[in-house]
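Asks:
Number of protein chains: 2
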Amino acid sequence: MTEIVRPYSVDTRRGKIMPYRKKVEVKVGDLKGFFCDDEAVDELVSKANNPMVYEYYENSQPEMCGQLNFGVTIINPGKVGIEYYMTRGHYHSKRSAAEIYFGLKGEGMVMMQTKGGQLAHLPVKVGSAVYVPSFWAHRTINVGSEKLSFLYAYPSDAGHDYCTIRKRGFAKLVVERRGHPIVIDNPKYNQ
Amino acid sequence: MTEIVRPYSVDTRRGKIMPYRKKVEVKVGDLKGFFCDDEAVDELVSKANNPMVYEYYENSQPEMCGQLNFGVTIINPGKVGIEYYMTRGHYHSKRSAAEIYFGLKGEGMVMMQTKGGQLAHLPVKVGSAVYVPSFWAHRTINVGSEKLSFLYAYPSDAGHDYCTIRKRGFAKLVVERRGHPIVIDNPKYNQ
């Protein structure tokens, strides 16, 4: 017998989803190996009380073809070395699974790449929707001075592959130069 | 060889999606058999120049498992008889495909039902997200005095079954009584 999920609604106006089923907080120390500058990570962990980089509030469904998970991610403003605060970034385990973002607050950027070496980055702004197609790894970066908040939705059977990104990194980094975000080559990128 | 779709972003701040790949306009005459009052439909077609009820702007992807279609629907304020302007309503052809709505402007309601007779309705408000799970037919109704605009996203291989709704209708209607929306039994519902 297939489980029948009941419809429900959530409110995003306070920047997070209410109600939510799952809340996850990710701190600088959890992101070691994802930021380029390991020493800057260690210093923030030991001297700045391991600050929170991002949190997400999710309403996930049964992992069933056709269902959709959705939630809200909030990335704090901040930097690790010269690199802006960002999410871990991932491929979907099921590589064909796409994702949609919708900007609620703040200013961000989505960095994307494929295994085959295609690269793309797009802004996440209030009222804009970004489509991350099948096969594209994706990471979101807060390039502004306030919290970045966005709604996301993806197939609930997508799964998350963080390992490939931890091992290889993204080809590009988003860093601050003279007060503005710029995209540079990742010196540690392991193709 | 699988087609690689490039990432892209769209702006929803003017109520519709820019850019979009497909625009569809639906007029009162196109909705005969969906509204309860056939005479009221005929009168609007012949005497009021067949007004537009709703339009949608869509960015659709290849019909492939894992990809997502998304767009913006705008429903005008208005009534056909005592029934508020609404979308046709549909099941997904692939019944397991869910859908997410996100309110951008105005005040609406999503009416939902399953083949097994479960019923639900939820408000669509600015900043609220509604989850329409697998197996639920869904129709959106503008219950306010201004345009209702919302973002939607669903699996791109979902397909649309409008026929079942045309034949059977929804179990409930949303009508105006003394200036307010109320939900009543559909006298023509064909279970």
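Chains F and L, in that order, give the protein sequences.
Note that numbering that gives the first Met the number 0 has the first sequence beginning at 0, numbered continuously upward.
Note that numbering that gives the first Met the number 0 has the second sequence beginning at 0, numbered continuously upward.
C-beta: ideal position from N, C-alpha, C; glycine also.
1. Please tell me whether K26 (chain F) and V52 (chain F) are closer than 8 Å, where the distance is taken between their beta carbons.
2. To which residues does DSSP link M85 (chain L) through a beta bridge?
3. Taking 7 Å as the line, does the beta carbon of R138 (chain L) fall inside it for any heavy atom of the ligand COA?
4. Reducing DSSP to helix, strand and coil, say where E62 (chain L) ends up.
5. Which residues does DSSP pair with A119 (chain L) in a beta bridge?
6. Would you please verify whether the beta carbon of F169 (chain F) is less than 8 Å from any beta carbon of chain L?
7. Hey, could you find the ends of the beta strand (DSSP E) T72 (chain L) is sitting in?
8. Could you spell out where the alpha helix (DSSP H) holding L30 (chain F) opens and where it closes?
9. To be precise: take each residue of the region 46 to 79 of chain L, compare its Cβ to all Cβ atoms of chain F, and keep it if any distance is under 8 Å. Which residues remain?
10. For P122 (chain F), go through chain L and note every residue whose CB falls closer than 8 Å to its CB, in chain order.
11. If E82 (chain L) and N68 (chain L) are in contact, beta carbons under 8 Å, what's the gap, nearest whole angstrom?
12. Alpha carbon to alpha carbon, what distance is there between T139 (chain F) and V44 (chain F)?
13. If we count the other Cβ atoms within 10 Å of its Cβ and call it buried at 16 or more, is C35 (chain L) buried or exposed?
14. Between L:Q117, L:V79, L:Q60, which lies nearest to A47 (chain L) when the distance is taken from Cα to Cα?
15. Decide if the region 118 to 134 of chain L is in contact with the region 91 to 110 of chain L; the criterion is three or more beta carbon pairs, one per stretch, under 8 Å apart.
16. Considering only the beta carbon of each residue, do E98 (chain F) and Y151 (chain F) sit closer than 8 Å?
17. How is D184 (chain L) classed by DSSP in three states: helix, strand or coil?
18. Confirm, please, whether the CB-CB distance from E145 (chain L) to P50 (chain L) is below 8 Å.
19. Under 8 Å between beta-carbons, which chain F residues line up against P132 (chain L)? List them in chain order, please.
20. Measuring only between beta-carbons, confirm whether Q117 (chain F) sits less than 8 Å from chain L.
21. If I'm right that G178 (chain L) touches S92 (chain L) with Cβ under 8 Å, what's the distance once you round it to whole angstroms?
22. According to the Cβ coordinates, are G32 (chain F) and R165 (chain F) closer than 8 Å?
23. Check distances from the C-beta atoms of the region 145 to 159 of chain F to those of chain L and list, in chain order, the residues that come in under 7 Å.
24. V9 (chain L) to V71 (chain L), Cα distance in whole Å?
25. When you compare the CB positions of A96 (chain L) and S59 (chain L), do they come within less than 8 Å of one another, or not?
26. Nearest to C64 (chain F) by alpha carbon, out of F:P18, F:S155, F:N189?
27. Between P6 (chain L) and A119 (chain F), is the Cβ-Cβ spacing less than 8 Å?
28. Would you decide whether Q190 (chain F) is buried or exposed? Buried here means 16 or more other CB atoms lie within 10 Å of its CB.
29. So who's on the other strand from K146 (chain L), going by DSSP bridges?
30. So S127 (chain L) is in the alpha helix (DSSP H); what residue range does that whole segment cover?
Replies: The structure says:
1. By 1-based counting over the first sequence, the position of residue 26 (chain F) is 27. By 1-based counting over the first sequence, the position of residue 52 (chain F) is 53. For K26 (chain F) and V52 (chain F), yes; Cβs fall inside 8 Å.
2. In the second sequence, residue 85 (chain L) corresponds to position 86, counting from 1. Answer is L:I140.
3. This structure lacks the ligand COA; in fact it carries no ligand of any kind.
4. For the purposes of this step, residue 62 (chain L) is taken as residue 63 along the second sequence, with counting starting at 1. In this structure, E62 (chain L) counts as coil in the three-state DSSP scheme.
5. Within the second sequence, the letter at position 120 stands for residue 119 (chain L). A119 (chain L) is bridged to L:M111.
6. Your numbering for residue 169 (chain F) matches position 170 in the first sequence. By this cut-off, F169 (chain F) is not an interface position.
7. On the second sequence, position 73 is the one that residue 72 (chain L) refers to. Residues 67 to 74.
8. As a working mapping, residue 30 (chain F) is identified with position 31 in the first sequence. Here L30 (chain F) belongs to no alpha helix (DSSP H), and DSSP marks it neither H nor E.
9. N58, Q60, M63, C64, G65, Q66, L67, F69
10. Translated into the one-based positions of the first sequence, residue 122 (chain F) becomes position 123. Going along chain L in sequence order, the residues near P122 (chain F) (Cβ under 8 Å) are S8.
11. Working through the second sequence from its first residue, we reach residue 82 (chain L) at position 83. Working through the second sequence from its first residue, we reach residue 68 (chain L) at position 69. About 28 Å; that fails the 8 Å criterion.
12. Walking along the first sequence from the start, residue 44 (chain F) turns up at place 45. Walking along the first sequence from the start, residue 139 (chain F) turns up at place 140. Cα-Cα distance, rounded: 22 Å.
13. Reading the second sequence from its first residue, position 36 is the one you call residue 35 (chain L). The residue is buried, with at least 16 neighbouring Cβ atoms inside 10 Å.
14. As a first step, residue 47 (chain L) is located in the second sequence; it is residue number 48 there, counting from the start. Selected option, being the one with the closest Cα: L:V79.
15. yes
16. Within the first sequence, residue 98 (chain F) is the residue found at index 99, counting from 1. Within the first sequence, residue 151 (chain F) is the residue found at index 152, counting from 1. Against a cut-off of 8 Å, the Cβ pair of Y151 (chain F) and E98 (chain F) comes out as a contact.
17. The sequence position of residue 184 (chain L) within the second sequence is 185, counting from 1. The answer is strand: DSSP assigns D184 (chain L) an E or B state.
18. If you number the second sequence from 1, residue 50 (chain L) lands on position 51. If you number the second sequence from 1, residue 145 (chain L) lands on position 146. Contact: no.
19. Translated into the one-based positions of the second sequence, residue 132 (chain L) becomes position 133. Result: I3, V4, R5, P6, Q60, Q66.
20. In the first sequence, residue 117 (chain F) corresponds to position 118, counting from 1. Cβ-Cβ to chain L under 8 Å: yes for Q117 (chain F).
21. For the purposes of this step, residue 178 (chain L) is identified with residue 179 of the second sequence, where counting begins at 1. For the purposes of this step, residue 92 (chain L) is identified with residue 93 of the second sequence, where counting begins at 1. No, G178 (chain L) and S92 (chain L) are not in contact; Cβ-Cβ is about 38 Å, not under 8 Å.
22. Residue 32 (chain F) sits at position 33 when you count from the first residue of the first sequence. Residue 165 (chain F) sits at position 166 when you count from the first residue of the first sequence. Yes, these two residues count as a Cβ contact at 8 Å.
23. L150, A152, P154
24. What you label residue 9 (chain L) is simply residue 10 of the second sequence in a count that begins at 1. What you label residue 71 (chain L) is simply residue 72 of the second sequence in a count that begins at 1. Cα to Cα, the separation comes out at about 11 Å.
25. Here residue 96 (chain L) is taken as the residue at index 97 of the second sequence, counted from 1. Here residue 59 (chain L) is taken as the residue at index 60 of the second sequence, counted from 1. Contact: no.
26. Here residue 64 (chain F) is taken as the residue at index 65 of the first sequence, counted from 1. Looking at the Cα atoms, F:S155 is the closest of the given residues.
27. The sequence position of residue 6 (chain L) within the second sequence is 7, counting from 1. The sequence position of residue 119 (chain F) within the first sequence is 120, counting from 1. Yes, Cβ-Cβ distance for P6 (chain L) and A119 (chain F) is below 8 Å.
28. Here the question's residue 190 (chain F) lines up with position 191 in the first sequence. It is exposed - the Cβ of Q190 (chain F) has fewer than 16 other Cβ atoms within 10 Å.
29. Counting from 1 along the second sequence, the entry for residue 146 (chain L) is found at position 147. Paired residue(s): none; K146 (chain L) is not in a bridge.
30. Reading the second sequence from its first residue, position 128 is the one you call residue 127 (chain L). Note, S127 (chain L): premise wrong, no alpha helix (DSSP H); beta strand (DSSP E) at 127 to 131.
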